[in-house]
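Below is one structure, written out as structure tokens; the observations come after it.
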Amino acid sequence: MASASKLFERVAAGRTCRDLWHPQFARCLAYNVHLWRTILPGSFKLYVPLLVLPPLVKLNDVTVRYLVEHTLQYVYISCCTYVQAALSLSAQCVLHNLLGRLNYWCVMFWPCLLGVAIGPPLPTQLLRLQAITFFNMSLEAAVRKSTVPIVQYARRSKALGTLTFMAFSAAILSCLQSGTVNQFWLVNPSPDADQCRGVCGHTGRCWRHLADGMLKYGTVGVVLEAGRAVLRHSGRLARNPLALFGRDFLAACNLRLGVFLACYVGIFRGVCCLLAHRAATRTVGHAALAGFLAGAPYCLHPTYQIYTLGLTKAIEMGWAYCGAAGKSDGGVVDRALQHLHRWPMLRLVQMCSFGYLGHVYAFYPHVSPIFHQKAMDVCSTDLTLGMKRRIAKWLAEAL
Ligand SMILES: [Zn+2]
Ligand SMILES: [Zn+2]
Numbered sequence: 003m004a005s006a007s008k009l010f011e012r013v014a015a016g017r018t019c020r021d022l023w024h025p026q027f028a029r030c031l032a033y034n035v036h037l038w039r040t041i042l043p044g045s046f047k048l049y050v051p052l053l054v055l056p057p058l059v060k061l062n063d064v065t066v067r068y069l070v071e072h073t074l075q076y077v078y079i080s081c082c083t084y085v086q087a088a089l090s091l092s093a094q095c096v097l098h099n100l101l102g103r104l105n106y107w108c109v110m111f112w113p114c115l116l117g118v119a120i121g122p123p124l125p126t127q128l129l130r131l132q133a134i135t136f137f138n139m140s141l142e143a144a145v146r147k148s149t150v151p152i153v154q155y156a157r158r159s160k161a162l163g164t165l166t167f168m169a170f171s172a173a174i175l176s177c178l179q180s181g182t183v184n185q186f187w188l189v190n191p192s193p194d195a196d197q198c199r200g201v202c203g204h205t206g207r208c209w210r211h212l213a214d215g216m217l218k219y220g221t222v223g224v225v226l227e228a229g230r231a232v233l234r235h236s237g238r239l240a241r242n243p244l245a246l247f248g249r250d251f252l253a254a255c256n257l258r259l260g261v262f263l264a265c266y267v268g269i270f271r272g273v274c275c276l277l278a279h280r281a282a283t284r285t286v287g288h289a290a291l292a293g294f295l296a297g298a299p300y301c302l303h304p305t306y307q308i309y310t311l312g313l314t315k316a317i318e319m320g321w322a323y324c325g326a327a328g329k330s331d332g333g334v335v336d337r338a339l340q341h342l343h344r345w346p347m348l349r350l351v352q353m354c355s356f357g358y359l360g361h362v363y364a365f366y367p368h369v370s371p372i373f374h375q376k377a378m379d380v381c382s383t384d385l386t387l388g389m390k391r392r393i394a395k396w397l398a399e400a401l
């Protein structure tokens with residue numbers, strides 16, 4: 003089988019950006035004026051959940067000032083996304099006109115990367131959110147796309163997935179326990195607990211601490227899954243609210259996320275308490291062992307989302323830990339790491355992941371994450387969707 007790039011270059015020979023992107027506009031300029039004028043509402047639509055959900059979660063603490071700032075942030079991120087999307091789309095024509103032909107990597111990959119690179123910068127918090135989301139999605143796409151036998155084996159092997167997830171979990175919890183890194187994870191080992199709380203670092207009895215965590219996390223998991231099921235069946239529920247109690251809906255509610263979360267926190271807290279009582283102190287080693295064992299329930303609910311979250315968090319926290327630990331004047335590795343830490347890593351990850359996701363979107367739609375596909379279609383008012391369909395048609399005709 004010819005490689006995808008060869009095949010594309012063959013079918014694209016003699017075709018222009020007009021054939022691929024804008025058959026209804028004879029000239030690139032007219033098309034670009036059209037897209038800059040029309041795609042703005044798409045970005046505002048994409049971030050509506052970001053506008054609506056946080057105030058709903060805060061509910062009691064919502065002030066007028068918060069609402070104004072929150073809305074301004076929503077407007078800013080929507081405008082940023084609009085500019086990025088429009089720049090990416092314009093770059094498609096620009097690169098085609100520069101090269102004089104359609105090039106495999108100059109369709110989507112470079113234009114998407116450039117659009118994000120040239121576009122206005124996001125506030126750090128949102129940049130982090132976007133970089134991690136893009137990175138997780140491109141990891142998922144890369145794994146699903148890969149034809150390398152070992153990757154394919156790893157993708158299907160539950161044992162290997164569980165074992166590596168346990169390792170990520172151990173790495174994350176030892177970083178958190180060390181106190182040099184303070185980031186969100188499923189559980190928090192509270193390294194700064196004061197001594198009066200006893201050797202385990204929590205208030206109250208151990209069994210209560212354990213049961214409390216399992217109940218809380220289990221409930222969160224069940225609520226999240228129920229919310230997802232409601233979203234998935236929203237059309238049917240709107241027509242008949244009683245379908246909420248029907249068999250189909252209950253079958254769509256998956257209890258496994260709740261069980262996974264409850265087991266994760268249960269094992270972690272249980273092992274931590276046991277080790278702390280035996281050694282009469284708490285160490286990073288304890289947190290690592292407890293984190294490793296707590297990762298085992300992953301086999302009950304193996305999903306790309308949980309796995310990539312674990313992997314990304316392990317990388318991110320390990321990176322932050324090295325940055326904090328590498329301040330002493332060490333050897334070549336330490337100095338190289340320190341040098342790398344000056345790079346704008348989040349921005350680079352965001353740019354490259356977005357370029358790669360665009361590439362997968364166009365040429366490997368069957369492995370492209372659904373959320374990314376929807377986001378692209380919404381932000382470009384289906385301009386990318388038309389392009390994707392044209393590529394699929396050309397390739398089908400060539401085969
Ligand atoms: Zn054009
Ligand atoms: Zn305890």
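Numbered by the numbering used here, the letters in the sequence shown go through residues 3 to 401 in order. Ideal placement from N, C-alpha and C gives every residue a C-beta, glycine not left out.
- A Cβ-Cβ contact shorter than 8 Å links residue 89 with residue 120.
- If you look at residue 82, you'll find it in the alpha helix (DSSP H) that goes 66-101.
- Annotated three-state conformation of residue 214 is helix, per DSSP.
- The alpha carbon of residue 116 has as its nearest neighbour, out of 269, 126, 124, 97, the alpha carbon of 97.
- By alpha-carbon distance to residue 138, the top candidate from 279, 318, 340 is 318.
- Segment contact: the stretch 298-308 against the stretch 357-366, fewer than three CB-CB distances shorter than 8 Å; contact not assigned.
- In this structure, residue 211 has its beta carbon less than 7 Å from a heavy atom of ligand 2.
- In the same chain as residue 41, and ignoring 5 residues on each side of it, the C-beta atoms closer than 8 Å to its own belong to 84, 87, 88, 91, 381, 382, 383, 385, in chain order.
- Taken from the Cβ of residue 19, at least one heavy atom of ligand 1 lies inside 7 Å.
- Here residue 186 carries a coil assignment [DSSP, helix/strand/coil].
- Residue state for residue 352 is assigned as helix, using DSSP reduced to three classes.
- Rounded to whole angstroms, residue 392 and residue 102 show a C-alpha spacing of 19 Å.
- In the assembly as shown, residue 341 is an exposed residue. Its beta-carbon has fewer than 16 other beta-carbons within 10 Å.
- In this model, residue 143 and residue 357 are separated by some 12 Å (Cα to Cα).
- Closest in alpha carbon position to residue 55, among 337, 166, 76, 321, is 76.
- Checking the 7 Å criterion, the Cβ of residue 23 is within range of a heavy atom belonging to ligand 1.
- Counting only runs that start and end inside the stretch 104-160, there is no beta strand (DSSP E) element of at least 3 residues.
- For residue 288, the CB stays at least 7 Å from every heavy atom of ligand 2.
- Put simply, the backbone Cα of residue 179 is about 37 Å away from that of residue 74.
- Of the residues 201, 247, 351, the one whose Cα lies closest to the Cα of residue 278 is 201.
- Beyond the five residues adjoining it in sequence on each side, residue 281 comes within less than 8 Å, by CB distance, of 288 in the same chain, given in chain order.
- Each residue's CA atom was taken as its position, placing residue 183 and residue 359 some 29 Å apart.
- Around the C-beta of residue 34, 16 or more other C-beta atoms lie within 10 Å, and the residue is accordingly described as buried.
- Counting only residues of its own chain and dropping the five nearest sequence neighbours on each side, residue 10 has a CB closer than 6 Å to the CB of 106.
- Distances from the CB of residue 98 to the heavy atoms of ligand 1 include at least one below 7 Å.
- About 18 Å separates the CB atoms of residue 141 and residue 349; that is not less than 8 Å, and the two are not in contact.
- With a cutoff of 8 Å on beta-carbon distance, residue 361 and residue 110 are scored as near each other.
- By the C-beta criterion, the stretch 240-255 is judged not to be in contact with the stretch 156-165, since fewer than 3 inter-stretch pairs fall below 8 Å.
- Here residue 122 is actually not in contact with residue 94; their C-beta atoms are around 20 Å apart, not less than 8 Å.
- Annotation for residue 324: 339, 343 place their beta carbon closer than 8 Å to its own, counting only its chain and skipping 5 residues before and after.
- Assigned with DSSP and collapsed to three states, residue 40 falls in helix.
- Under the three-pair Cβ rule at 8 Å, the stretch 260-273 does not count as touching the stretch 143-156.
- Closest by C-alpha distance to residue 8, out of 252, 51, 52, 104, is 104.
- For the pair residue 216 and residue 315, the Cα-to-Cα distance works out to about 22 Å.
- By the 16-neighbour rule on beta-carbons within 10 angstroms, residue 249 is exposed.
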